[in-house]
Amino acid sequence: MKNEMKKLIVTSVLFTLVTGVLFGLVYPLVTTAIASVAFPKQANGSLVYDAQGSVIGSHLIGQAFVGDSYFHGRPSAAGAGYDAGSSGGSNLGPTNKALLTRVDQAVAAEGAGAPIDLVTTSGSGLDPDITPAAAMFQVERVAKARKLSADAVRTLVEAHVTQRQMGLLGEPRVNVLELNLALDKASH
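In case it helps, the working numbering puts the sequence shown at residues -1 to 186.
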């Protein structure tokens, strides 16, 4: 009986160690290696670089754009300045006074009739995309601030709309960082 119990304990401990090493070290390392070879850009965060090679953002993480000359993304629920370290929704219910105050402030800042994604946060709090309607809503403001024609800015927005994946996954969207970089390029 004692021998049998000892054998079961040793087997359990060995199984725990082997699965811990296999799924805690080997599997993540192999997956990362394969991803780095097959999808190097995505595996490294889809980073965006400027002409000097400095990182200026990521295609996957929203960031704050302020001022009338830039398109604004969704408000962040991830702390001040779109802090990726504290990603997550606000968990505020629809009747919470803090949420209502935040939405009222966003509506006041963006203007009456602002699309919902310009005044509410996403589930992650760091959404890099807005709807085409939200981008079009901002065209007049951006065009005026940049001294560009609204048609030129509208054309730029249309060129940066990403359609649904495989025709059915997700919604049409505009990556705010990509659009603002293209806007900077078009303005210079």
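In this text, a Cβ means the ideal position worked out from N, Cα and C, and glycines have one as well. These numbers were taken from a predicted model, which means no experiment stands behind them.
Looking at 57, 95, 72, 141, the one whose alpha-carbon comes closest to that of residue 107 is 72. Given a length threshold of 3 residues, each whole run of the beta strand (DSSP E) inside the region 19 to 56 is given here in chain order: 45 to 47, 53 to 56. A residue is called buried when at least 16 other Cβ atoms come within 10 angstroms of its Cβ; residue 170 does not meet this threshold and is exposed. Annotation for residue 144: the continuous alpha helix (DSSP H) segment containing it runs 137 to 144. Just measuring C-alpha positions, the residue of 33, 177, 151 sitting nearest residue 41 is 33. Inclusion of residue 177 and residue 133 in the CB contact set at 8 angstroms is warranted, their separation being smaller than that value.
Taking the Cα positions, residue 99 is about 21 angstroms away from residue 63.
By the Cβ criterion, the region 48 to 65 is in contact with the region 109 to 127, since at least three pairs of Cβ atoms, one from each stretch, lie closer than 8 angstroms. Per DSSP, residue 172 lies in no alpha helix (DSSP H); the unbroken beta strand (DSSP E) holding it starts and ends at 171 to 173. Under the three-state reduction of DSSP output, residue 102 falls in the helix class. Linking residue 186 to residue 135 through their CA atoms gives a straight-line distance of about 23 angstroms. The DSSP-derived three-state label of residue 127 is strand.
Residue 182 counts as exposed, since fewer than 16 other beta carbons sit within 10 angstroms of its beta carbon. In this structure residue 162 is exposed. Its beta-carbon is surrounded by fewer than 16 other beta-carbon atoms within 10 angstroms. A Cβ-Cβ separation of about 6 angstroms places residue 140 in contact with residue 69 under the 8 angstroms criterion.
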